[in-house]
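In the numbering used here, the protein residues as written are 122 to 245.
For reference, the structure is listed below as structure tokens.
See below:
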């Protein structure tokens, strides 16, 4: 059975998401930090994921925090997992390239503010 696991740090957003998706049995909302992703997946009985969609503002994070998140992200990916993230600049592109093969980068001008969408897979 397909599942959607959502990890949201902001308590208000997490509460709103839980309310919005309360009738969807395959959607699980966790009010937590992405640093705990592996623990959350273990709790849900999930070894690897098929897709990761992230809105984490990597360019505003310190380098060590970015690196930790990317290492943890790579650890939950299989060789076929797709990792999508949107960023407002290409500032962290080199950090992404240390762990992932960038398949595509699209500039989405209709987003406000405009953003880059990175599509990546695990480096093997």
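Backbone N, C-alpha and C define an ideal beta-carbon position, used for all residues, glycine too.
Everything numeric in this text was worked out from a predicted model, so none of it was measured.
Drop a sphere of 10 angstroms on the beta-carbon of residue i, count the other beta-carbons inside from all chains shown, and report buried for 16 or more, exposed for fewer.
i           : result
residue 217 : buried
residue 208 : buried
residue 119 : Beyond the ends of the chain as shown, which are 122 and 245, falls residue 119; an answer cannot be given.
residue 150 : buried
residue 191 : buried
residue 233 : exposed
residue 179 : buried
residue 204 : buried
residue 158 : buried
Based on DSSP bridge pairs, tell me the residues matched to residue i.
i           : result
residue 225 : 240
residue 182 : None; residue 182 has no bridge partner.
residue 129 : 152
residue 207 : 238
residue 175 : 206
residue 245 : DSSP lists no partner for residue 245.
Which residue from the options puts its Cα closest to that of residue i?
i           : options               : result
residue 124 : 131, 197 and 148      : 148
residue 156 : 166, 130 and 203      : 130
residue 202 : 244, 136 and 159      : 244
residue 193 : 213, 220 and 205      : 220
residue 210 : 236, 189, 196 and 188 : 236
residue 213 : 140, 200, 167 and 238 : 238
residue 122 : 145, 135 and 215      : 145
residue 167 : 227, 126 and 188      : 126
Assuming residue i and residue j make a contact with CB atoms under 8 Å, what is their CB distance in whole Å?
i           : j           : result
residue 223 : residue 198 : Not a contact, Cβ separation roughly 14 Å.
residue 163 : residue 128 : In fact, because the Cβ distance is near 13 Å, the residues do not count as touching under 8 Å.
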